[in-house]
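Numbering (this note's numbering), first residue to last: 372 to 585. For every residue, glycine included, the Cβ atom is placed at its ideal position computed from N, Cα and C. Reading through the structure tokens given below for one structure.
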């Protein structure tokens, strides 16, 4: 029967893939050419075996990765929780120590920082106060000296001016006094001299002239 050697078959509108001796085969029943072959018990047995073999192979293909997936899942959960355990333990320990040391050193340095800061601040203002104190005394003595300096200068200048003016006026007065006195006497003497000279000259001239003509 020609239908005994089939290469494909079709039933219930679906295609079935099976393997025989490692060679994939696809059978499709042809309703026209092989309709009588379905009634053959040998053909039905062959089809049933092929169908069971196909389902068994599909089940094996489905079950084959399950142990591997289970192993991977176990490894994943093992390492995952192991990693998280050590991670959180280390993280907790790290953060605990970090927080402890940070808090300790922070308080330590903060305390010493504020201690030295206020110490420096105290001495700074202390020196600033003394500096201001000396500055104040400096200005005090400076203005004191300035005051005495100007007072002395004023006093000196005043007396200098006074004596200068006094002596100047005195000498000026005496100078002019003697000058005019001298001038007066000079002119007086000159006038007197000139007058007498002229008088005697005229007199003697007239006298001699008179006697001469006489």
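Counting the other Cβ atoms within 10 Å of the Cβ of residue 437 gives fewer than 16, which makes it exposed.
Counting along the chain, residue 433 sits inside the alpha helix (DSSP H) bounded by residues 412–434. The straight-line gap separating the alpha-carbon atoms of residue 467 and residue 477 is approximately 15 angstroms. In this structure, the alpha-carbon of residue 458 lies about 10 angstroms from that of residue 464.
Each residue's CA atom was taken as its position, placing residue 431 and residue 439 some 13 angstroms apart. Around the CB of residue 422, fewer than 16 other CB atoms lie within 10 Å, so the residue is classed as exposed. A direct Cα-to-Cα measurement between residue 541 and residue 511 gives close to 43 angstroms. Residue 528 and residue 519 have their C-alpha atoms some 13 angstroms from each other. Residue 418 counts as buried, since no fewer than 16 other beta carbons sit within 10 angstroms of its beta carbon. In this model, residue 543 and residue 536 are separated by some 10 angstroms (Cα to Cα). One alpha carbon belongs to residue 561, the other to residue 546, and they sit about 21 angstroms apart. Here the C-alpha atom of residue 565 lies approximately 38 angstroms from the C-alpha atom of residue 538. One Cα belongs to residue 424, the other to residue 434, and the distance between them is close to 15 angstroms.
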